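Asker: FYI, in our numbering the residues of the sequence shown are 943 to 1331. Every residue, glycine too, gets a C-beta built ideally from N, C-alpha and C. This structure is a prediction, so every number in the text was calculated from the model and none was measured. Dumping the structure here so I can ask a few things about it.
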Amino acid sequence: MKTQVAIIGGGPSGLLLAQLLHSRGIDSVVLERKTKDYVLGRIRAGVLEQGLVRLMEEAGCAERLHAEGIAHDGTLVSYGDEMFRVNFTEHTGTPVIVYGQTEVTRDLYEAREKAGGKIEFNVESVVIHDADSDAPHLTYAVDGEARRLDCDFVAGCDGFHGVSRQAIPLDVRREYEKVYPFGWLGILSETPPVNHELIYANSPRGFALCSMRNENLSRYYIQCSLSDKPEDWTDEAFWQELKRRIPPDQADKLVTGPSIEKSIAPLRSFVTEPMRWGRLFLCGDAAHIVPPTGAKGLNTAASDVHYLYNGLREHYENASSEGLDAYSEKALARVWKAERFSWWFSSLMHRYPDQSEFDLKMQVAELEFLRANKAAQQAMAENYVGLPY
Ligand code: FAS
Ligand code: PHB
């Protein structure tokens, strides 16, 4: 089989790229390791930057997002018994949109299927060949049948555990990593959100986040030990712990209910440089990971897709390699700013096992400064709603 762009990974990065390319008549094939249901069953991001919303519009997939997405003009930040609000719209003129990654992915799958897009599921043993030549190709297997896909370009959209990053030679690749000494235990419950906006809470017992998917589907997280397993936590134990970590007036109105999903995500900051090797381009989690505190994971994958899509479009429409040649540097410039914000907000809101009394004083001082200082809130708002592409 031959295509113009071979895309490894049928998550949001791969699907969004495929749909954008399709909108310009550029052919692609998506190779996905799992089934569509498995991909849609992963509960992940919940907050979209306007940049991703605009890309979904450009891809012709934003109808349900506009109908069901919830605009948030700000967020609450609590520490101890204190709480204040950071107003995104006041500082940036821009809200964020609360709309689950699952729904983004569902919309993209629906659009690809409607357009007759080529997606192969249950793909195994993907190997990238001759990425640093003018004629790369992939080999892989489906149900034990060996297959080959010849292409002009390869987009590595296969996430942190994919194969694309490994195709960049070790003597070329530079990796940067920070592993956090805790994870996030998250649950999904068919209950009304405790508040109409998100609450990020720094409590003596650890971090908590009150989020949502819609007016009757709530998403909550508490910082947990890396040794914890979801089955260690009953629903009741989770609710009791969450109530201890959020302000009392919020805890009093928290509506609890059975969890319909419960999982633990480890937190790490990770970046691979470069994000290009010959005709292989890494996108999204294949190249970088952020702690979810700043809601930057999915949104930084989107800016990668924006840069790569436009580079490929220029190649095919104007025979220009300018966008592709600038891809890695341009994507990384924004990736590192997302890494910084996610690290900063994680450092501000979590309790670390080795924190000294002085460290705790620094956290409170930073929170007090953020609470009182307009410039500090402006900086947080600009990063949270999304820096320019
Ligand atoms: P993805 O990992 O989503 O998709 C990669 C796809 O490639 C997967 O479908 C995988 O099956 C496939 N694949 C892998 N190897 C392959 C191979 N060899 N061959 C073919 N296919 C292969 N971000 C937030 O903003 N907020 C959050 O709360 C949040 N929570 C998260 C929780 C968890 C547990 C994880 C892992 C991530 C979370 N993220 C969160 C980040 C997440 O949203 C990612 O940024 C987003 O999924 C990135 O999308 P992709 O780059 O498409 O990678
Ligand atoms: C979510 O709703 O899953 C979510 C929201 C904001 C974050 C992280 C996760 O920072």
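Output yes or no for whether 8 Å exceeds the beta carbon distance between Gly1328 and Gly988.
Answerer: Contact: no.
Asker: Please classify Pro1123: is it buried, with 16 or more other beta-carbons within 10 angstroms of its beta-carbon, or exposed?
Answerer: Exposed, because fewer than 16 other Cβ atoms sit within 10 Å of the Cβ of Pro1123.
Asker: Starting from the C-beta of Phe1287, find all residues in its chain whose C-beta is less than 7 Å away, skip the five residues before and the five after it, and write them out in chain order.
Answerer: If we look at Phe1287 and ignore the five residues flanking it on each side, its Cβ neighbours are Thr1235 and Gly1236.
Asker: What are the uninterrupted segments assigned as beta strand (DSSP E) that are 3 or more residues long and contained completely in the stretch 1061-1089, given in chain order?
Answerer: Listed in chain order, they are 1065-1071 and 1079-1084.
Asker: Along the beta strand (DSSP E) that carries Ser1131, what are the first and last residues, could you check?
Answerer: Here the beta strand (DSSP E) through Ser1131 covers Arg1116 to Ser1131.
Asker: Does the stretch 962-979 come close enough to the stretch 1210-1219 to have 3 or more Cβ pairs within less than 8 Å?
Answerer: Flag = no, the stretch 962-979 and the stretch 1210-1219 do not touch.
Asker: Just to confirm before moving on: does the CB-CB distance between Pro1062 and Val1084 stay below 8 Å?
Answerer: It should be noted that the sequence gives Glu, not Pro, for residue 1062. Cβ atoms of Glu1062 and Val1084: closer than 8 Å.
Asker: Indicate whether the contact test is met: 3 or more Cβ pairs, each with one atom in the stretch 1124-1138 and one in the stretch 1266-1283, closer than 8 Å.
Answerer: Touching, no.
Asker: Looking only at its own chain, which residues have a Cβ that is under 7 Å from the Cβ of Asp1194, when we skip the five neighbours before and after it?
Answerer: The answer is none, since no qualifying residue turns up.
Asker: If you reduce the DSSP assignment to three classes, tell me which class Val1028 lands in.
Answerer: Reduced to three states, the DSSP call for Val1028 is strand.
Asker: Would Ala1073 and Arg1221 be called neighbours here (beta carbons separated by less than 8 Å)?
Answerer: Yes, these two residues count as a Cβ contact at 8 Å.
Asker: Please confirm whether any heavy atom of ligand 2 lies closer than 7 Å to the CB of Ala987.
Answerer: Result yes, Cβ under 7 Å from ligand 2.
Asker: Looking only at its chain, what residues have a beta carbon closer than 6 Å to the beta carbon of Ala1229, apart from the 5 residues adjacent to it on each side?
Answerer: Closer than 6 Å at the Cβ level, and outside the excluded window around Ala1229, lie Thr1214 and Met1217.
Asker: Looking at C-alpha atoms only, which residue of Val1065, Tyr1162, Arg1006 and Asp1023 is the closest neighbour of Ile1039?
Answerer: Comparing Cα-Cα distances from Ile1039 to each of Val1065, Tyr1162, Arg1006 and Asp1023, the minimum goes to Arg1006.
Asker: Anyone know if the C-beta pair for His1141 and Ser1020 falls short of 8 Å?
Answerer: What sits at residue 1141 in the sequence shown is Ile, not His. Their beta carbons are under 8 Å apart, which means Ile1141 touches Ser1020 by this criterion.
Asker: Since Ala1097 contacts Val947 with CB under 8 Å, what's their CB separation in whole angstroms?
Answerer: Contact holds; Cβ gap of about 6 Å.
Asker: Below 8 Å, how does it come out for the stretch 1303-1318 and the stretch 1164-1174: are there three or more Cβ pairs, yes or no?
Answerer: Too few Cβ pairs lie closer than 8 Å, so no.
Asker: What's the call for Phe1300, buried or exposed, on a 16-neighbour Cβ count within 10 Å?
Answerer: Under this definition Phe1300 is an exposed residue.
Asker: Ignore the nearest five residues each way along the sequence and tell me which others in Ser1145's own chain have a CB closer than 6 Å to its CB.
Answerer: Cβ neighbours of Ser1145 beyond the five flanking positions: Arg1187.
Asker: Tell me, which residues are paired with Met1154 by DSSP?
Answerer: Beta-bridge pairing links Met1154 to Ser1160.
Asker: Using three-state DSSP, classify Gly1016 as helix, strand or coil.
Answerer: Strand, per DSSP.
Asker: With a 10 Å radius around its C-beta and 16 neighbouring C-beta atoms as the bar for buried, classify Lys1238 as buried or exposed.
Answerer: Buried, because 16 or more other Cβ atoms sit within 10 Å of the Cβ of Lys1238.
Asker: Less than 7 Å separating the Cβ of Ser965 from some heavy atom of ligand 4?
Answerer: Looking for ligand 4 in the displayed structure turns up nothing; the ligands present are ligand 1 and ligand 2.
Asker: On the three-state DSSP scale, how would you describe Trp1278?
Answerer: The answer is helix: DSSP assigns Trp1278 an H, G or I state.
Asker: Indicate the three-state DSSP secondary structure (helix, strand or coil) for Asn1144 in the structure shown.
Answerer: Reduced to three states, the DSSP call for Asn1144 is strand.
Asker: Between Asn1158 and Glu1139, how many whole angstroms is the CB-CB distance? I'm expecting something under 8 Å.
Answerer: Rounded, the Cβ-Cβ distance is 16 Å, inconsistent with contact.
Asker: What do you reckon, are the CB atoms on Gly951 and Asp1092 nearer than 8 Å?
Answerer: No, the Cβ-Cβ distance between Gly951 and Asp1092 is not below 8 Å.
Asker: With hydrogens ignored, establish whether the beta-carbon of Ala1237 is closer than 7 Å to any heavy atom of ligand 2.
Answerer: Yes; taking the cut-off as 7 Å, the Cβ of Ala1237 has a heavy atom of ligand 2 nearer than that.
Asker: Starting from Leu1222, follow the beta strand (DSSP E) in both directions and report where the run begins and ends.
Answerer: Taken as a continuous stretch (DSSP letters only), the beta strand (DSSP E) holding Leu1222 covers Leu1222 to Leu1224.
Asker: Compare the beta carbon distance of Thr1067 and Asp1246 with 8 Å and say whether it is the shorter of the two.
Answerer: According to the sequence as given, residue 1067 is Ser; it is not Thr. Taking 8 Å as the Cβ cut-off, Ser1067 and Asp1246 do not qualify as a contacting pair.
Asker: Beta carbon of Val971, beta carbon of Lys1060: below 8 Å?
Answerer: In contact: Val971 and Lys1060 (Cβ atoms closer than 8 Å).
Asker: Only counting runs of 4 or more residues, tell me where the alpha helix (DSSP H) segments fall wholly within the stretch 1232-1288, in order along the chain.
Answerer: Counting whole runs of 4 or more residues, the stretch 1232-1288 contains the alpha helix (DSSP H) stretches 1239-1260.
Asker: Any heavy atom of ligand 2 within a distance shorter than 7 Å of the CB on Pro1172?
Answerer: Pro1172 Cβ: outside cutoff for every heavy atom of ligand 2.
Asker: Within the present structure, is the beta-carbon of Pro954 separated from the nearest heavy atom of ligand 1 by less than 7 Å?
Answerer: Checking every heavy atom of ligand 1 against the Cβ of Pro954, one is found closer than 7 Å.
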